[in-house]
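If you number the sequence shown the way the numbering used here does, the last residue is 507 and the count never jumps.
Glycine residues also receive a C-beta, built at the ideal position from the N, C-alpha and C atoms.
Note sheet for the following structure.
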Amino acid sequence: MAQDSFDLIVIGAGPGGYVAAIRGAQLGLSVAVIEREHMGGICLNWGCIPTKAMLRSAEVFHLMHRAKEFGLSTEGISYDLDAIVKRSRGIAKQLNSGVGHLLKKNKVTAIMGSATLAGNGRVTVTTKTGTQDLTAANILVATGARAHELPGLEADGDLVWSYKHALTPKHMPKNLLVIGSGAIGIEFASFYNTLGAKTTVVEVLDRILPVEDEEISAFAKKSFVKQGMDIREKARVKRLDRGKGTVTAHIEQNGKFTTQTFDTVISAVGIVGNTEDLGLEALGVKIDRTHVVTDAYGRTGVEGVFAIGDLTGAPWLAHKASHEGTMVAELIAGRSPHPVKPETIAGCTYCTPQIASVGLTEAKAKAAGREVKVGRFPFLGNGKAIALGESEGMIKTVFDAATGELLGTHMIGAEVTELIQGYVIGQQMETTEEDLINTVFPHPTLSEMMHESVLDAYDRVIHM
Ligand SMILES: Cc1cc2nc3c(=O)[nH]c(=O)nc-3n(C[C@H](O)[C@H](O)[C@H](O)COP(=O)(O)OP(=O)(O)OC[C@H]3O[C@@H](n4cnc5c(N)ncnc54)[C@H](O)[C@@H]3O)c2cc1C
Numbered sequence: 044m045a046q047d048s049f050d051l052i053v054i055g056a057g058p059g060g061y062v063a064a065i066r067g068a069q070l071g072l073s074v075a076v077i078e079r080e081h082m083g084g085i086c087l088n089w090g091c092i093p094t095k096a097m098l099r100s101a102e103v104f105h106l107m108h109r110a111k112e113f114g115l116s117t118e119g120i121s122y123d124l125d126a127i128v129k130r131s132r133g134i135a136k137q138l139n140s141g142v143g144h145l146l147k148k149n150k151v152t153a154i155m156g157s158a159t160l161a162g163n164g165r166v167t168v169t170t171k172t173g174t175q176d177l178t179a180a181n182i183l184v185a186t187g188a189r190a191h192e193l194p195g196l197e198a199d200g201d202l203v204w205s206y207k208h209a210l211t212p213k214h215m216p217k218n219l220l221v222i223g224s225g226a227i228g229i230e231f232a233s234f235y236n237t238l239g240a241k242t243t244v245v246e247v248l249d250r251i252l253p254v255e256d257e258e259i260s261a262f263a264k265k266s267f268v269k270q271g272m273d274i275r276e277k278a279r280v281k282r283l284d285r286g287k288g289t290v291t292a293h294i295e296q297n298g299k300f301t302t303q304t305f306d307t308v309i310s311a312v313g314i315v316g317n318t319e320d321l322g323l324e325a326l327g328v329k330i331d332r333t334h335v336v337t338d339a340y341g342r343t344g345v346e347g348v349f350a351i352g353d354l355t356g357a358p359w360l361a362h363k364a365s366h367e368g369t370m371v372a373e374l375i376a377g378r379s380p381h382p383v384k385p386e387t388i389a390g391c392t393y394c395t396p397q398i399a400s401v402g403l404t405e406a407k408a409k410a411a412g413r414e415v416k417v418g419r420f421p422f423l424g425n426g427k428a429i430a431l432g433e434s435e436g437m438i439k440t441v442f443d444a445a446t447g448e449l450l451g452t453h454m455i456g457a458e459v460t461e462l463i464q465g466y467v468i469g470q471q472m473e474t475t476e477e478d479l480i481n482t483v484f485p486h487p488t489l490s491e492m493m494h495e496s497v498l499d500a501y502d503r504v505i506h507m
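Printed below as a string of C-alpha cells:
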C-alpha cells in the first residue's frame, strides 16, 4: 500500500517547494511533494529558464549583426521564431524532468495532483484517478503566483498576451505594446525589440524598472531608446479596444489621452499569489490581499503550516523561494537556520544591457537616514569590456559613510547578472570598503569595475 503519512508534505514543486522537499529528505524527514501541473513550477517551465533561453537567441542575433566590428562576416542573417521557441521549450522540458529525477534520487514521494489542506495535518489530493488522503506533522505551502490581470487588459492569447503566450508566440509582433516595466515586461520588450518588433513600453510610475536605483533606470531608458524602443513613463493604459488583428490602446499620460494601435500587447502588470482553493482561510491562515502572511521563518501562525516563495509576496524571485524552502526544511528537521536577509536577495533583469542589483538604492539608503558615500565606474574605463565590445554600462556602489558598510550595488551592462554575486557575498558577510579595497580582482575581467567603483567612492579610482 502506498505511504500516506509523512513528516513533511510540500504543496507545489516550484523552486521553493522542490528544494524544500530535497533538503527535508537530506535531513532524514519522510517527504511527499504534490504538484498539479509541472515539476519545477513557473521558474523552470514558464519563467526564469525559458525566458533566458529566448533572450540568448536574441543576444546571438544582435551579435551577428555586429560581426563586422569583430572582423567577421555573416550573410543573410535571419531567425526562425518557431525554432527559437522550440529550443526554449526543449530546455524547460529537460530541466523539468531533471527535477523529477532529483526528487526520486532523494526518495521524495512525488504525486501529480491538486492539493487542499483539510485541517489537523490532513491533505486531500485530487489526482487523475481520484482522491487520496495524506497526513503530516508539517505542511509547507509553496503554490507560487500567477500574472495579475487588470480589468479590460486581460490576456486572450491572440492579441493580448500573458507571459505564457509571449513564451509561445503564434506570430512575430510587428508593433508591440508592453504594459509594465518590471523585470518581466522589460525582458520581453528587449527580446521582441531585438528581433525587430517596433516596441512601446508603458509604465505607470515615473520611471522604468522602478525598483532599481534611479541612475540605473535612467541609463536603461537611454539605452532602450537608442535601440528604438518608445518608453512612456507616468502613463497608464486605460482601455484596449480589440479589433480584427489590431488592438487600440487608450493611453493617459500627463493628463492627456492618446490612442495608438498595435498588433500585439503583452500585459506584465504584476503578480498575484495562488492562495485560492487550498483551504487556508478555514484553517485561520492570514492572507493579505493575495499573499499569505508569515514570519521570517515561513510560519503562518497555524501550528504545522508553513508558506514560502511567491505565495508570500515580493520579491517574486526563484532564489528567494529556494532559500526559504531550505530554511523551512531545516527548521522542521530541528536545525537552527537563519532567516533570509532581504538585503542579500539580488534582482536581475536579462535584457540588453543586463541589469543587476543587491541591497539599498542610494535613495533608499538616504531615506533610511544613512549618510552615504557613492562610487561609480563606467564600462568604458575597463579593458575587458572594451575588448569584448561591451563598453556600455556602469557599476555603482553605495556605502555607509560612517561605518564603511556596503549597503548596495547597482549594475547595468554586459554580464552584470553574473558579476552581482560577488557583492551578494559581500553583503552577506557584512563587508566594508576596507575589505573590498584590499581584495585583488583578476585582470582583465569585468569584475575590476566592481573594485574601481569602491575606489571611486573613496576618491581612489585609478582608471578614470
Ligand atoms: C516570465 C517570467 C520570468 C521570470 N524570470 C525570473 C528570473 O530570471 N529570475 C528569478 O529569480 N525569477 C524569475 N521569475 C519568477 C520565478 O519564476 C518565481 O519567483 C518562482 O518560480 C517562484 O517559485 P515558487 O516555488 O514560489 O512558485 P512557482 O514556481 O510558481 O511554483 C508553484 C507550483 O505550485 C503548483 N501548485 C499551485 N497550486 C497547487 C495545488 N493546489 N496543488 C498542487 N500544486 C499546486 C503550481 O502548479 C506550481 O508548479 C520569472 C517569472 C516569470 C513569469
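Which residues mark the beginning and the end of the beta strand (DSSP E) in which residue i is found?
i	result
Leu450	Leu449 to Ile455
His362	Counting along the chain, His362 falls outside any beta strand (DSSP E), though it belongs to the alpha helix (DSSP H) covering Ala361 to Ile375.
Arg79	Counting along the chain, Arg79 falls outside any beta strand (DSSP E), and DSSP gives it neither H nor E.
Gln296	Val290 to Gln296
Asp50	Ser48 to Ile54
Ala350	Val348 to Ala350
Ala198	First-last for Ala198: undefined, no H or E at that position.
Ala399	Ile398 to Gly402
Ala408	Here Ala408 belongs to no beta strand (DSSP E); instead the alpha helix (DSSP H) covers Glu405 to Ala410.
Pro421	Val415 to Pro421
Gly316	Ile314 to Gly316
Phe305	Lys299 to Phe305
Compute the Euclidean distance between the alpha carbons of residue i and residue j, then round it to the nearest angstrom.
i	j	result
Val37	Val203	Nothing about residue 37 can be read from this structure; the chain reaches only from 44 to 507.
Gly316	Asp331	10 Å
Asn481	Glu495	12 Å
Val151	Asp249	47 Å
Lys148	Leu51	17 Å
Phe227	Ala158	One point to set straight first is that residue 227 is Ile, not Phe, in the sequence displayed. Going by the C-alpha atoms only, they are around 28 Å apart.
Gln588	Pro216	This structure gives no information on residue 588, because the portion of the chain shown stretches from 44 to 507.
Ile294	Ser224	15 Å
Asp284	Tyr206	20 Å
Ala428	Phe484	15 Å
Thr186	Gly271	38 Å
Ile505	Ile77	55 Å
Val467	Thr387	6 Å
Ile134	Arg413	45 Å
Glu367	Gly162	23 Å
Thr395	Thr242	14 Å
Lys287	Asp201	10 Å
Leu326	Val166	12 Å
Leu360	Ala188	11 Å
Thr440	Ala411	16 Å
Asp306	Pro487	45 Å
Ala263	Ile455	8 Å
Glu491	Asn425	7 Å
Met107	Val128	19 Å
Ala126	Ala406	43 Å
Gly341	Gly356	12 Å
Ala389	Gly173	42 Å
Glu276	Leu252	10 Å
Which residues bound the alpha helix (DSSP H) around residue i?
i	result
Pro93	Cys91 to His108
Glu257	Glu257 to Lys269
Ser233	Ala226 to Thr237
Gln69	Gly60 to Gln69
Thr460	Val459 to Leu462
Lys427	Gly426 to Leu431
Leu220	Premise fails: Leu220 lies in the beta strand (DSSP E), Asn218 to Ile222, not in any alpha helix (DSSP H).
Ala500	Glu491 to Ala500
Ile480	Glu476 to Ile480
Ile207	Note that residue 207 is Lys in the sequence shown, not Ile. Element bounds for Lys207: Tyr206 to Leu210.
Ala325	Leu323 to Leu326
Cutting at 8 Å between CB atoms, please list the residues of its own chain near residue i, excluding the five before and the five after it.
i	result
Glu476	Lys416, Phe442, Gly447, Leu449, Val497, Ala500 and Tyr501
Thr369	Val62, Ala63, Arg66 and Pro380
Thr211	Val128 and Arg132
Leu145	Tyr61 and Ile65
With a CB to CB cut of under 6 Å and the five nearest residues on each side skipped, what residues in its chain are close to residue i?
i	result
His81	Asn88 and Asn139
Leu423	Ser434
Ser131	Pro93, Ala96 and Met97
Leu193	Val312
Thr117	Met107 and Ala110
Thr169	Gly156 and Ser157
Lys329	Val336
Residues in its own chain within less than 7 Å of residue i by CB, not counting five upstream and five downstream?
i	result
Ala445	Glu414
Counting contacts by CB-CB distance shorter than 9 Å, is residue i in contact with chain C?
i	result
Gly228	Here chain C cannot be found, since the structure has a single protein chain.
Residue ranges of each beta strand (DSSP E) within the stretch 128-192, 3 or longer: Segments of the beta strand (DSSP E) lying fully in the stretch 128-192: 152-155, 157-162, 165-170, 173-184 and 188-190.
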